[in-house]
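Each position in the sequence shown, counted from 1, maps to that position plus 1362 in the working numbering. Structure record follows, encoded as structure tokens.
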Amino acid sequence: MLAVMLSLHEAKEVEYVLKQELESLLYDLQDESVNADVKAILSEQYQCLFNVYTRFAAPSDCMKFCRRKRSN
């Protein structure tokens, strides 16, 4: 387990950076020209960052970044 002590201002900065990265990954995941293998890696990165983001952001903000699971 890892713990980090942040001031409120620092926590907001981390939240902002995570949000920007999530938006960038979502954009890349929606791009049709991106290879399926690359999309799989981006999806893993997205899930990891989203899990961290949920620890900083309000639940209502997290809902904006929830992705639907695709049924095959």
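Where is the CB? At the ideal position from N, CA and C, for every residue including glycine.
#1: Alpha carbons only, please: which of V1366, M1425, L1384, Y1378 is nearest the one belonging to Q1409?
#2: Output the boundary residues of the alpha helix (DSSP H) element that contains L1388.
#3: Could you pull out every residue in the same chain whose Cβ sits closer than 7 Å to the Cβ of K1401, ignoring the five residues on either side in sequence?
#4: I think L1368 touches V1376, with their Cβ atoms under 8 Å apart; what is that distance to the nearest whole Å?
#5: If L1387 sits next to L1404, beta carbons under 8 Å apart, how far is it from one beta carbon to the other, in whole angstroms?
The relevant details are as follows:
#1: L1384
#2: 1370-1392
#3: L1391
#4: 7 Å
#5: Their Cβ separation, rounded to whole angstroms, is 6 Å, which keeps L1387 and L1404 in contact under 8 Å.
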